[in-house]
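In the working numbering, the protein residues as written are 133 to 252.
Ideal placement from N, C-alpha and C gives every residue a C-beta, glycine not left out.
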């Protein structure tokens, strides 16, 4: 039987946000959304969704840091405050900023995903 006919992936969606970076050998299983600006460490097994600007590592992967826009640095999850969360841009604003600040970067359609393939 062809793989597509097994029904294994019929109900699961994997969604990667803008400028999400996956290290080598990352595995993503199930209905998972990895927010924009995330970094997933090499060899990680992602089974749960992650909020934007998260650093995930491990098997299973867990969020160990979040990005603080004010200090422009990754902060341990225990130090990440609701005020820092409020400063994070939404995905469309983040994409617009990337396009404005990095117009020379080329991102292929495959790398960008079909919804974000218009990145110059």
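Under the three-state reduction of DSSP, residue 232 is assigned to helix. Taking C-beta separations shorter than 6 Å and ignoring five residues to either side along the sequence, residue 215 has no partners in its chain. For residue 152, DSSP assigns no beta-bridge partner whatsoever. Fully enclosed beta strand (DSSP E) runs of no fewer than 3 residues occupy 186 to 190, 193 to 200, 205 to 208 of the region 169 to 221, in order along the chain. Counting along the chain, residue 158 sits inside no beta strand (DSSP E), nor does DSSP assign it H or E at all.
Within the model, the alpha-carbon separation for residue 208 versus residue 165 is close to 21 Å. Counting only the Cα atoms, residue 228 lies some 23 Å from residue 146. Closest option to residue 153, judged by alpha-carbon separation, among 161, 179, 186, 180: 186.
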